[in-house]
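Participant: Residue numbers (our numbering), protein chains in the order written: chain A, 8 to 322; chain B, 31 to 1031; chain C, 5 to 252. Glycine residues also receive a C-beta, built at the ideal position from the N, C-alpha and C atoms.
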Ligand SMILES: Nc1nc2c(c(=O)[nH]1)N[C@H]1C(S)=C(S)[C@@H](COP(=O)(O)OP(=O)(O)OC[C@H]3O[C@@H](n4cnc5c(=O)[nH]c(N)nc54)[C@H](O)[C@@H]3O)O[C@H]1N2
Ligand SMILES: Nc1nc2c(c(=O)[nH]1)N[C@H]1C(S)=C(S)[C@@H](COP(=O)(O)OP(=O)(O)OC[C@H]3O[C@@H](n4cnc5c(=O)[nH]c(N)nc54)[C@H](O)[C@@H]3O)O[C@H]1N2
Ligand code: SF4
Ligand code: SF4
Ligand code: SF4
Ligand code: SF4
Ligand code: SF4
Ligand SMILES: [Mo]
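Take a look at the structure:
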C-alpha cells in the first residue's frame, strides 16, 4: 500500500496523543496532580497531537470540506466510528483537562470523567486500528496483531511523552510509570516481531489463480497490463518494497522504536534528573522516527489483493 | 440535501436522462473497417457513439477505436489552417496561409507540371477510402505515377488471390462464419475486417461445433482463443501449406469433381521444354483451353458442359506434348521435400501436427459436408438440386503476405482452399461482391500519357498478364517512379509507395517535380528505415535545391510527415465530411450481398480546414481537368457530395450503387438520382442488397449470380470464372526470361524473373534471412497491430494512448533466459541495418525464435502535440528504424527493394535481429532519438486535464426527499451471441442480444 | 445507511463475461468510458491526457494473462476484462463512512453518490477487484454504475438499454441480466457454462460471473483417423490418376 505521509502522521501522532491522554488520566487516577504546568504541557501536547493528526487525516481526503459527512455511518464503518469516537473523546477529555489544569481539581467525578476520556481514547485508537484490521483485501492488516500493535504503540509513545513531560516539569513519578513503559516497550517489540512473523509466514489468502479463476490451466501471470502507465490502483495499492530494504527498515523500527526507548527508560532510574531528562529526550528523538518507520512499513509492506491482477502471484 | 451529520443523504438516480438532442448516422473511420455508427449529439457536442445495430458490417458493435472517436475529434493535434513551409524541410517552420493562396499555389505547381510532363507529378495516397476517385483524378491529370498505399500493405494477398481465385482472403472475401466447421487463420492480428472477424469468431466459437486453428508465431488476440495454436516460424507458412497439400494428395483427399469443373487443374499444358510456349495452355483455334477426356479418350474443349477430364497422364494433342496442369501441381507437392517430415525442422511445426491438421481438414471437408437444399443452375446450364459445402475455411493476412516470399505463400493458401473444394460453398470461404472477378481482372495499367496536358488512356493501376504490358521503356527501365510494373516488380498491382521517396530523391529512374501525398505518415511509421527516408525528404542537389522540388501533403493532424512537406492542405476529420465507400473501390459488401455507404458531416470543423476530396475537385476544376471542369466551370460545384451523386464512371455506374435512377428505383446501374444522398441518410448512410438464396454460393459458376453481377456492372460478361491453380501468366514471364518473345527482361533481372515467376507456388527463404547470417541475427522480429490503435493516428487519442503509450518487445521466456534478460530490461534490437532500443516483456505464447512488438506506438518527439516527455517518444520504439529499404546488392551489384520479387510488397516481416542487453547507462530511454519537432504552428498546448462530458452530465433530478423514484423501463437480459448460445442451451430463447425472436413478445 | 440493504435485493443485475471468446480488444473498456464520461458519474477525468503519465478514470480494464502448466508443458493466453462485480456483500459499501457508497435495494447495483463522497479512498482499499476509481481532479471516488442511466433509459431503443460494454462487445463475450433469478437467461447461460465468481475466499459474494475458457479442441476429438495414403510413393499416386475419372 502506498505509505501516504498524511496517514502515517495521522495514525502515529493521534496514537501518541491518545496514548498521552490515557497516561494523564491514569496518572490522575493514581493520585497524581493536578499540576498546572505539567497539565498545560501534557494536555497541550496530547491535544496538539490528536488534533494535528486528525487534521492531517483530512488532508488525505479528496473533499475535506465534506468531512463532517463521515460521522453518519457509525453502524457499519470503522472510519465513521473513529470519527464519532474522536469527537466524543474530546468532551470528557476537554472537561477533564479543564478541571485538572484550569480549576486544579482532581478526584471524584473528574476522575471518572478522566477515566472515561482514557477509555474513549483507547477505543478511538482501537477504531483506527480496525479501519485497517477490517480490510480483508490486505492480509497484512486483517489480523489481530494490527489492533494490538496500534494500542501498544499508542501507549508506548504516550508513555514516553508523559515521562518526558513529568521529568521536564519536575513532577515526581516513582518507579511504576517507567517500569510500565519499559514493559510496554518489551511487549510492543514482541508484538511487532509477532506481527512480522505472521505476515511473513501466513499462507497467501488469494492468488492470481483465484483472482482470475484460471488456476485449472496452470500458474497465472499477467502478460499485458490494461494501461501502459500506472493508474490509480497501482499508485495507491501497487506500492511495493524490496525485501532487503524492508528488513533493514524493520531493524531500524525495532531498534529506534522499541529497544532503544526501552533501554533508555530503564536507565533513567539509575541516573540523576538532568541525565534522565537527556535520556528521555533521546528516547523521544529516536522513538518518534522509529515509530514512524514502523508505521511506514505497516503500509509499505502490506500487499493488496488487487495486485494479483497486476503481476503479483499471491497475497 | 440534509446537513445533519448523522443522517445518510440518499441519492435519487435519474434512470432516464435525456441522452441526445439529435442522433445521426454515418460511417466510422477510426480504421478502414467501415462500421456504421450512430452519433448522439447534445449541445452540438458528441455525447455518445454506438454501433448501428442495423448496419451489415458491425451489426451494432463498436470497437475500441470507434468508441474513442470522441477523443479523435477532440485531439489537440488537429491542423487548423493551410500551412506554407518557411524554414528548412523538417524544421517544422511554417506560416499559416489562406485557402485561396494555398489552392492558387497548388494549382500553379500542378499546372506547370501538367503542361510540361504530367508524369512528374507523383500522386500517392495512403489510408484513404477514395481510391477510385483519386485514381480517376490522376488519370484526368495525366500522371501514371499514382497509387495508394497497398503496395506496402498487402498486395501479396490481393495478387495471390486475384491471380488464383479472382478474389482474395483479405477484404474480398470472408469465411462462412455461420456454417464453417473448421477455420484456419494465418498471420492475422486484427485486419481490415476488424469487427466482422471478431463477430465471426465469437459466433463460431459459441456455436461450439467448429474448430478454430490459428497459425501465427504469436498467440495474442484472436490467436489466444483458438482451439489450436500453431506457432509457426515466420516466413515458412508456404512449406506448411505445401506439406498439407502433400498429405492431401497422397491420400487423394482432393475435391476432384470441383477441380474438374471449376479450375484449370485438368487443362492441358504444353510440355516441350525449350519451346517458346512451353508451360502455356494448349488452346484450340478459338482460344479455348483443352482437357483430356478420359471417357472420350481425346482432347476436348475445357469449357464443354459434360467432360470427364484426366488429372494426370502425358498425351499428344495436335502434335504437341501435353499434360494436365494438375500433374505439375501434384508432382511438385508430392515431392519428398514437402513431406511433413521434411518441413518440420524449418517451420518449427512437428510432422505429426502437420499430418493431423491435414487429416482434420480432409475429414471435415469430405466427411462433414453441409447440404443446403436450394436448387441452383451452373454456368453450363446444369441444374443442381442442392448446394453441397465442404465446411473448411481459411482467412489470412499480412503474416503471410508481408514477406518477400509472400506472393507464393498467399497463392498456395488460395490453392489449398480450392483443392478442398471449399471456395464459395456452404461453410467454406466466400466472395464478397463485386468479387469474384475474372482472373486476373481485365483492367490494364496505363503508361505515361502521350501528350502533356492530356489524360491517361486508362487507369494508372491494373493487372498485368504478360511481359508486353509492363510499363518499361525500350531499355527495359521502369517508366514509373516506384518501379511498379517493371521487370523488377512486374505484378506490383498497388504500386510501391515505399520506394517513392528514395527513387524520387535519387532520381532513379528519373527526377520528379511535385510529390503530392495524402493520408500517409511516410516520414515515420509507414516507411522502412526512417532516418534514410528523412534524408530522402531533405536531400538537396549541388545548387542547394531540394531533389524533390515540391511536396504537397494533406493530413488532418500534426503527424511526423507534415513538417517535411512544403504545402499543407489541412483535411477535416471523418466526422466533418462527406465520404463515399464505393463499389468501385473497397465497399462494405459481405458474402450475403453487395453494399456501399457514405459519411455525412456530423459536426462543424473547428478550424479553417477543407475536406481533401473537395479540394481535389476544386484543384481539378482550376486545372481544367476533363470530367471536373467544362468551359472553365466546375462540373461538381457542390464538392464531393455532388460528385458522389452525379458522377458517372460508365453509363449508369456511379460512386454509389443504391437508389439510382430518377425515382431511386434502380440499384447498381441507373441514372444519377438527385435524392440519392437523402435516401442513404434515411437508411443509416448505407445501402445493401442481399443476393437471392440461389445466388449465394458457387458465385464463380452460378449463372444466376453471374447474370446478376453483369447486370450490376461488377462483371463485363456473365461468364464463369475458372480458378487458375496453375498460372499461365506467370509462366509467360518465365518464358521471357528464358529468352522467348519480344519483351525480355534486361540481363540484370533475367535470373530473378526466371526464378520467381513460377506458374505454381514455390517456397524460398525470405531474402533477409537468406542474405543474412543466422548466427549473427538469429531471431525474427515482427510488429503487430494493437486492436485498439490505428497505426500512428491513435496516439493523439487521450483514451487510446492510456491503454498503450509505449510498447515492449515480447520475447519467449526461454529465449530471454538464454540472453539473460528479464522483464523491463532495456535491450538493443539490432539488424544488419541498424539498432533500436526498447524494453522487453517475457511471455510463453510466442515462437521461440521470434520477438514481436506493437506497431506504430513509438512517436517522434514533438509530433501529435504530445508533451516532450510522452512515453511514446521516450520509451516507445519503431522496428521501422532497423528495416532496410533495400536488400544487400546482388552478385551483379543490383539493388532491389526489400520487397516481394513478384508484387513489390514490402517485406516488413522478414526482419532478422539479435538482442543484447543494454549497459545500465543506456537504459531508460529509446534510441534512435530524433530531434524534437517544434509545436504545431498556431496551436495551443494540450490540456493537462480533460474533463470531457462534465458539461453533458444529466442535471440532478431535483426529487424531493422520500419521493418514490421514477418508474422506469424494465431491463431485459442480454445474451451475447444469443442465437448461437440458444442452439446449445436448452430453454434459452433465440434472438439477438435482448431481442427475442420467439416466445416472449 | 451504508449498511447493505436490509432486504437483500430480489433482482441482482450483473454481467457475465465469456473468457472463451474474449479477444482482449478493449472495446468494452473504451465504450464504457465513452458512455459514462457524460453520464451519471461524469466526467471520467483524464489526467495528463497528452503528457508523460496519462491516467484517467476507467470503469473497465482489460488484462491479459498467461496460465502456464509447467508439468503438462502447456500454456494458454486469456484476456480478462475487469469491472465492478456488484457484490452482494460489498465491503466497499460497509466501509464507507459517509454513505456515499451504497447498494441499491431495487436491483443490487452498487453506486457512489458523488455529491457526498469525501474521497477517503477507503472503499477502494476494501474492494478486492480494483473496481473503484479515484478521480483525482474532483476528489471523489467513481465506479461502474452498471450503466444505470442506460439500462432503464426510456429515451433509448430497446437494443441500447443494456450496459455500454455489453452491446459494444464485438465477439459477444458479454451478457447482462438478473442473476438472482435462476430462470433468467443469464442464469441459464451461467449454469450451462459453469460460470464462476472471482476470489470467493474474499467473502464478497460477487454477482458478476465469468465463463471459463473451454477445453481446447485438439485433434483427437475431431479427426477420427489419420489419412491413409493411396500409394506409398508419389509416382504411384500419380499413376493411379492417369485413366481414372476423378470428377464423378
Ligand atoms: N514496422 C511496420 N511498419 C509498417 C507496417 C508493419 O506491419 N510494420 N505496416 C504497414 C502498413 S500495412 C500500412 S497500411 C502503413 C500504415 O501507415 P500509414 O498509412 O502511414 O497510416 P497512419 O500512420 O495511420 O498515417 C496516416 C496519416 O493519415 C493522417 N490522417 C488521419 N486521418 C486523416 C484524415 O481524415 N484526413 C487526412 N488527410 N489525413 C488523415 C494521419 O494523421 C497520418 O499522418 O504502415 C506500414 N508500416
Ligand atoms: N486496430 C487496427 N486495425 C487495423 C490496423 C491498425 O493499425 N490497427 N491496420 C489496418 C491495416 S493497414 C492492415 S494492412 C491490416 C493488417 O492486418 P493484420 O494482417 O492482421 O495485421 P498485422 O498486425 O500486420 O498482423 C500480422 C500478424 O501476422 C503474424 N505473422 C508475422 N509473420 C508471420 C508468418 O510468417 N506467418 C504467420 N502465420 N503469421 C505471421 C504476426 O504475429 C501478426 O499476428 O490491419 C488493418 N486493421
Ligand atoms: S472496426 Fe472500429 S474503428 Fe474500424 S470502422 Fe469499425 S468501429 Fe470504426
Ligand atoms: S469488448 Fe468483448 S472481446 Fe473485447 S475485451 Fe471486452 S469482453 Fe473482450
Ligand atoms: S467489485 Fe468492488 S466495488 Fe464492486 S461491489 Fe464488489 S467490492 Fe464493491
Ligand atoms: S471514497 Fe467516497 S465512496 Fe469511498 S469510502 Fe470514502 S466516502 Fe465512501
Ligand atoms: S456496466 Fe457500464 S459502467 Fe459498468 S463496466 Fe460496463 S459499461 Fe462500464
Ligand atoms: Mo495496411
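1. Could you tell me whether any non-hydrogen atom of ligand 5 is closer than 7 Å to the CB of residue 108(C)?
2. Quick check on residue 931(B): does DSSP put it in helix, strand or coil?
3. Look up residue 246(A) in the DSSP assignment and say whether it is helix, strand or coil.
4. Any contact of the segment 209-224 of chain B with the segment 234-253 of chain B, i.e. 3+ C-beta pairs under 8 Å?
5. Please report the distance separating the alpha-carbon of residue 414(B) from that of residue 724(B).
6. Taking CB distances under 8 Å as the criterion, tell me whether residue 246(A) reaches chain D.
7. Between 156(C), 68(C), 119(C) and 86(C), which lies nearest to residue 110(C) when the distance is taken from Cα to Cα?
8. Return no unless some Cβ of chain C is closer than 8 Å to the Cβ of residue 814(B).
9. What's the gap between the Cα of residue 581(B) and the Cα of residue 21(C)?
10. Check the Cβ-Cβ distances between residue 52(C) and every residue of chain B, and say whether any is below 8 Å.
11. Where in the segment 848-908 of chain B do unbroken runs of the beta strand (DSSP E), each at least 3 residues long, occur, reported from the N-terminal end onward?
12. Kindly indicate if chain A contains any beta-carbon less than 8 Å away from that of residue 247(B).
13. Could you check the C-alpha separation between residue 374(B) and residue 367(B) for me, to the nearest Å?
14. On a CA-only basis, which of 153(A), 222(A) and 226(A) is nearest residue 204(A)? Give me that one, please.
15. Since residue 184(A) and residue 170(A) are thought to touch, with beta carbons under 8 Å apart, how far apart are those beta carbons, to the nearest angstrom?
16. Around the C-beta of residue 991(B), are 16 or more other C-beta atoms found within 10 angstroms, so that it is buried, or is it exposed?
17. Between the segment 845-874 of chain B and chain A, which residues of the former have CB atoms less than 9 Å from a CB of the latter, in chain order?
18. Quick check on the burial criterion: 16 or more other C-beta atoms within 10 angstroms. Buried or exposed for residue 44(A)?
19. Residue 51(C) to residue 31(A), Cα distance in whole Å?
20. Looking at C-alpha atoms only, which residue of 778(B), 354(B) and 805(B) is the closest neighbour of residue 322(B)?
21. Helix, strand or coil for residue 12(C) per DSSP?
22. Which residues in chain C sit within 7 Å of residue 87(A), going by Cβ to Cβ distance?
23. Should residue 124(C) be listed as close to ligand 5, given that the test is whether its C-beta is under 7 Å from any heavy atom?
24. For a contact defined as C-beta to C-beta under 8 Å, what are the partners of residue 94(A) on chain C?
25. Using a Cβ distance threshold of 8 Å, determine whether the segment 436-454 of chain B contacts the segment 189-202 of chain B, with at least three qualifying pairs required.
26. Run through DSSP, which three-state label would residue 293(B) get?
27. Less than 8 Å between CB atoms is the rule here; does residue 901(B) satisfy it with respect to chain A?
28. When the Cβ atoms of the segment 63-77 of chain B are set against those of the segment 792-801 of chain B, are three or more pairs found closer than 8 Å?
29. What does residue 357(B) reach in chain C if we use C-beta pairs closer than 7 Å?
30. Under three-state DSSP, which class holds residue 926(B)?
31. For residue 840(B), write down the residues that DSSP places opposite it in a beta bridge.
32. Tell me whether residue 284(A) sits in a helix, a strand or coil according to DSSP, three-state version.
33. I think residue 154(B) touches residue 530(B), with their Cβ atoms under 8 Å apart; what is that distance to the nearest whole Å?
34. Take the Cβ of residue 63(C) as the centre, count every other Cβ of all protein chains shown within 10 Å, and call the residue buried at 16 or more, exposed below.
35. What is the DSSP secondary structure of residue 610(B), reduced to helix, strand or coil?
36. Can you list, in chain order, the residues of its chain with a C-beta nearer than 6 Å to that of residue 774(B)? Leave out the 5 residues immediately preceding and following it.
Facilitator: Working from what's here:
1. Locating residue 108(C) in the third chain gives position 104, where the first residue counts as 1. No, since every heavy atom of ligand 5 falls outside the 7 Å radius drawn around the Cβ of residue 108(C).
2. On the second chain, residue 931(B) is found 901 positions in, with the first residue counted as 1. In the structure shown, residue 931(B) sits in coil (DSSP, three-state: anything other than H, G, I, E or B).
3. On the first chain, position 239 is the one that residue 246(A) refers to. Assignment of residue 246(A) by DSSP, reduced to helix, strand and coil, places it in the coil class.
4. Contact between the segment 209-224 of chain B and the segment 234-253 of chain B is present: 3 or more CB-CB pairs across the two stretches fall below 8 Å.
5. Along the second chain, one-based indexing puts residue 414(B) at 384. Along the second chain, one-based indexing puts residue 724(B) at 694. Each residue's alpha carbon lies about 10 Å from the other.
6. Looking at the structure shown, chain D is missing, and the protein chains on hand are A, B and C.
7. The residue given as residue 110(C) occupies position 106 in the third chain. Per the Cα distances, 156(C).
8. Your numbering for residue 814(B) matches position 784 in the second chain. So, not an interface residue.
9. In the second chain, the residue the question calls residue 581(B) occupies position 551. In the third chain, the residue the question calls residue 21(C) occupies position 17. Each residue's CA atom was taken as its position, placing residue 581(B) and residue 21(C) some 51 Å apart.
10. Along the third chain, read from residue 1 onward, the residue named residue 52(C) stands at position 48. With respect to chain B, the C-beta atom of residue 52(C) has a partner C-beta closer than 8 Å.
11. Positions of the beta strand (DSSP E) runs, each at least 3 residues long and wholly inside the segment 848-908 of chain B, are given as 856-861, 864-873 and 880-884 in order along the chain.
12. Position 217 of the second chain, counting from 1, holds the residue named residue 247(B). Output row for residue 247(B): interface = no.
13. Position 344 of the second chain, counted from the first residue, corresponds to residue 374(B). Position 337 of the second chain, counted from the first residue, corresponds to residue 367(B). Between residue 374(B) and residue 367(B), the C-alpha separation is close to 11 Å.
14. In the first chain, residue 204(A) corresponds to position 197, counting from 1. With distances taken between Cα atoms, residue 204(A) lies closest to 153(A).
15. Taking the first residue of the first chain as 1, we reach residue 184(A) at position 177. Taking the first residue of the first chain as 1, we reach residue 170(A) at position 163. With 8 Å as the limit, residue 184(A) and residue 170(A) qualify as a contact, their Cβ atoms being about 6 Å apart.
16. Along the second chain, one-based indexing puts residue 991(B) at 961. Interpretation of residue 991(B) is limited by its pLDDT of 47, a score under 50 that renders its predicted location unreliable; the figure taken from the coordinates is listed afterwards. Taking a 10 Å sphere around the C-beta of residue 991(B), we find fewer than 16 other C-beta atoms and assign the residue as exposed.
17. Listed by position along the chain: 853, 871, 872, 873 and 874.
18. Taking the first chain and counting its residues from 1, one reaches residue 44(A) at position 37. Counting every other CB atom within 10 Å of its CB across the protein chains shown gives residue 44(A) a total below 16, marking it as exposed.
19. Position 47 of the third chain, counted from the start, is the residue given in the question as residue 51(C). Position 24 of the first chain, counted from the start, is the residue given in the question as residue 31(A). Linking residue 51(C) to residue 31(A) through their CA atoms gives a straight-line distance of about 48 Å.
20. Position 292 of the second chain, counted from the first residue, corresponds to residue 322(B). That would be 354(B), whose Cα lies nearest to the Cα of residue 322(B).
21. As a working note, residue 12(C) is residue 8 in the third chain. Residue 12(C) falls in the coil class under three-state DSSP.
22. Here residue 87(A) refers to the residue found at position 80 of the first chain. Within 7 Å Cβ-Cβ: 101.
23. In the third chain, counting from the first residue as 1, residue 124(C) sits at position 120. No, since every heavy atom of ligand 5 falls outside the 7 Å radius drawn around the Cβ of residue 124(C).
24. Looking up residue 94(A) in the first chain gives position 87. Under the 8 Å cutoff, chain C gives no residues; its nearest Cβ is about 13 Å from residue 94(A).
25. Contact holds between the segment 436-454 of chain B and the segment 189-202 of chain B, because three or more Cβ pairs, one in each stretch, are under 8 Å apart.
26. Within the second chain, numbered from 1, the residue matching residue 293(B) stands at position 263. Residue 293(B) carries a strand assignment under DSSP once its states are collapsed to helix, strand and coil.
27. For the purposes of this step, residue 901(B) is taken as the residue at position 871 of the second chain. Between residue 901(B) and chain A, the shortest Cβ-Cβ separation is below 8 Å.
28. Output reads no: the segment 792-801 of chain B does not touch the segment 63-77 of chain B.
29. Counting from one through the second chain, the residue named residue 357(B) turns up at place 327. Correct list: 242.
30. Here residue 926(B) refers to the residue found at position 896 when the second chain is read from its first residue. Assignment of residue 926(B) by DSSP, reduced to helix, strand and coil, places it in the coil class.
31. Looking up residue 840(B) in the second chain gives position 810. Paired residue(s): 871(B) and 882(B).
32. Numbered from 1 along the first chain, position 277 holds the residue referred to as residue 284(A). If DSSP states are grouped into helix, strand and coil, residue 284(A) belongs with the helices.
33. Taking the first residue of the second chain as position 1, residue 154(B) is located at position 124. Taking the first residue of the second chain as position 1, residue 530(B) is located at position 500. Between residue 154(B) and residue 530(B) a beta carbon distance of about 6 Å is seen, short of the 8 Å cut, so the two are scored as contacting.
34. The count along the third chain starts at 1 and reaches residue 63(C) at position 59. So residue 63(C) ends up on the buried side.
35. Position 580 of the second chain, counted from the first residue, corresponds to residue 610(B). If DSSP states are grouped into helix, strand and coil, residue 610(B) belongs with the strands.
36. Along the second chain, one-based indexing puts residue 774(B) at 744. Closer than 6 Å at Cβ, skipping near neighbours: 766.
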